[in-house]
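In the numbering used here, the protein residues as written are 104 to 965.
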């Protein structure tokens, strides 16, 4: 990949860096001082202009140093494997002996043979290097890891002696210095701009330790990238997973930070909270490696802990994703200084000290990996042998998944799977299973007897029973439910190679057609396609007048009479101010880029149902959307909607800080979104402004805890299910945490029932919809029978954990309720429709509220 900066520019940049402070520590504070270092390899200080830990490393200087090391050492190669949303490079250093560097392709090839039971038996593990992936600071405001990466790069490039030669001969170290460049840059800027030059401030109340909202933890769109290893919805994750599958490391580290008053954690986590598909051998190896960390930290008299608090369950985390591929992922958590030095219950935590601990366990990881090299290689070989046997004995031989109404969602699923090296095929012939039909060419077939069998199990399983009731993250992530796609698990009798068409190597986005060519009267397209909102917004943004159908009808197309569903978009040509040829060009663009079938119609008189001039077609207003943010609002939830608007539908959305509501002209917006957060700090004048705005016709969308605020302010007419009071039975104090945690719905999937005639359900074709939930608030169905377009079924659990008490409460409750407030509509959505960018199946609920909320009849609101 082409480098974005030249060496000359790098040197010029470094020359003008002002030397603002004296180093607090020297290099031997971090690294062994009883060995020699190659003077041709520059130290971090010689390149970045300060000692590691004196300032927080910015991402640009981190990259400059990694390049400098690679240029100076024949042990190191530099690679830019992806770019962030803010166009920062994702960097990987490959570090090994010069001899290994000359045969990396052979090393990879042999390493991949570990995945093939037919070939792996011939491998001599004693001659194979272990692959170690050292990954740092996926959370930008947990910076000790990325700062430690400078020292690791220097050490393995410059250290001299027999010991380092043996390490490099027997390993390939993949050094990933910053998993989240945008977040690291944001946080380092904050910490550095608040550092006192001549005095050290350690007061925890100092502004240095309290980032402004939303902080530097996340990426550009405020996503937690440590939840994206399985969903791969962001460019950094996609590049990283491609490299993981290319190398299949035996050990992968994931360096984090936690609260300032903590100590140090390393895995294994809570044994009962390891995913059941992860083999015990993985945890045994994790514990064996932990002994090395313990020894290293004991030598420095450090406090640490294992087997508490953190788990190894969700395969979307960096420390757990490797476990389902025959690798060993390891989480590290260091008490954070959050700045340069901060008081804690253990004394003042200084930034260099936090870096030192990460360096210490980086070294112990490499030492353990070298000394356990053959065990780690054999674990991967055995993992895939066992997976082949399990696949052979599995009652499920294949999976068919796809939706003929929306090929784009099917494509997105196939695209996701392709990053994990999943073998899949197009469906070669029409297929029906238990009343569900799948159309040839519009669904995918996944054979279960393949290399990645275990991963497939992990992403398609519907698990409702668990050995433990506490989860650090979500308890389920069944992918076809996330995409709201029909799927069928096929037995030996049902599965046949005749179902498999062409192998899907790189999924291609489906193209639609403009059926009938250029029209002289009107165009129609249905709302089923995932990208229909993008097409509609493009038309509206160009000034094209559009309408939406509130009922079904038939129309005459060039292919004959065709049925059109609720939510069909009408573009009549006779009322337009935009040139008809330009409209046709946009229709072609919608077919090509949005995957939609567009129908040209030549007359307004229809053979059945409403005609095209019917009042049942509502004129549509272009959405002008604002979402409230600021302190107390969950930044992840704001970011998910921002990402949905910006990346998926190419629609602008204003993020308005709460404290600016009263100083802003709300009349420029027709849609307002409030997500999970605390809005009690809105002034009475601010609340009155919002109420006036809704009363005049605005659409207010309340999500999760924002519904509670809307109810308190009299905007949302919603009643909540009351919980039975706790009994007075005597219970041991030691059970308190577990008992409370067991009542948390940390992330589970439930069946809902949609009213397909309702504007909020336009584009859906099945009443059954799977909804993701991670809250314990339950809404009673509205008194108005037309005001609850989505409710849970009576037996709703599809996958994941929920306590018996909560399961009794959730059945038949509401997921969405529509209220009226003056001329406006208030749409209460208790569940997150845009969860982590991969919950495609409910995105359209939100977009329907945005595009069609103002078309909902007042008679159908609570």
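We treat Cβ as the ideally placed atom computed from N, Cα and C, and that holds for glycine. Keep in mind that this is a model prediction, so the values were computed, not measured.
Span of the alpha helix (DSSP H), counted from its first residue to its last, around residue i
i           : result
residue 169 : 162-175
residue 248 : 247-261
residue 348 : 338-350
residue 953 : 946-955
Residues near residue i by beta carbon distance below 6 angstroms, same chain, minus five either side
i           : result
residue 272 : 200
residue 633 : 509, 511 and 512
DSSP bridge partner residues for residue i (one or two, in chain order)
i           : result
residue 876 : 851
residue 776 : 730 and 804
residue 712 : 656
residue 721 : 651
residue 917 : 882 and 894
residue 932 : 806 and 919
residue 361 : 438
residue 606 : 528
residue 856 : 871 and 894
residue 900 : 853
residue 367 : 437
residue 628 : 672
residue 617 : 701
residue 590 : 504
residue 236 : 277 and 355
CB contact flag (residue i, residue j, <8 angstroms)
i           : j           : result
residue 468 : residue 235 : yes
residue 642 : residue 675 : no
residue 229 : residue 477 : yes
residue 240 : residue 283 : yes
residue 327 : residue 739 : yes
residue 529 : residue 605 : yes
residue 702 : residue 728 : no
residue 153 : residue 246 : no
residue 759 : residue 720 : no
residue 165 : residue 237 : no
residue 546 : residue 438 : no
residue 692 : residue 455 : no
residue 379 : residue 486 : no
residue 579 : residue 902 : yes
residue 590 : residue 503 : yes
residue 48  : residue 162 : Examination of residue 48 is not possible in this model, given that the chain is present from 104 through 965 alone.
residue 413 : residue 362 : no
residue 730 : residue 764 : no
residue 947 : residue 866 : yes
residue 878 : residue 848 : yes
residue 941 : residue 471 : no
Cβ-Cβ separation, residue j to residue i (assumed contact under 8 angstroms), whole Å
i           : j           : result
residue 323 : residue 279 : Rounded, the Cβ-Cβ distance is 18 angstroms, inconsistent with contact.
residue 904 : residue 853 : Not confirmed; about 12 angstroms, so no contact.
residue 173 : residue 342 : Wrong, their Cβ atoms sit about 18 angstroms apart, outside the cutoff.
residue 815 : residue 927 : Contact doesn't hold; Cβ gap of about 18 angstroms is too wide.
residue 435 : residue 369 : 5 angstroms
residue 509 : residue 631 : 5 angstroms
Neighbourhood of residue i by C-beta distance below 8 angstroms, restricted to the same chain and skipping five residues each side
i           : result
residue 330 : 417, 419, 420, 576 and 939
residue 612 : 511, 514 and 698
residue 314 : 244, 290 and 293
residue 402 : none
Range of the contiguous beta strand (DSSP E) that encloses residue i
i           : result
residue 673 : 672-675
residue 531 : Looking at the DSSP string, residue 531 is not in any beta strand (DSSP E), and its letter there is neither H nor E.
residue 744 : Run containing residue 744: none in the beta strand (DSSP E); it sits in the alpha helix (DSSP H), 738-746.
residue 548 : 547-550
residue 192 : 192-198
residue 181 : 179-186
residue 148 : Element bounds for residue 148: not the beta strand (DSSP E) but the alpha helix (DSSP H), 147-151.
residue 667 : 663-667
residue 543 : Unbroken run through residue 543: none, as it is neither H nor E.
residue 296 : Unbroken run through residue 296 is the alpha helix (DSSP H), 284-296; no beta strand (DSSP E).
Own chain partners of residue i with C-beta closer than 7 angstroms, once the 5 adjacent residues on each side are dropped
i           : result
residue 929 : 797, 803, 805, 813, 818, 819 and 922
residue 920 : 821, 882, 885, 890, 891, 931 and 965
residue 767 : 759
residue 405 : 367 and 460
residue 171 : 145 and 150
residue 493 : 556
residue 646 : 680 and 681
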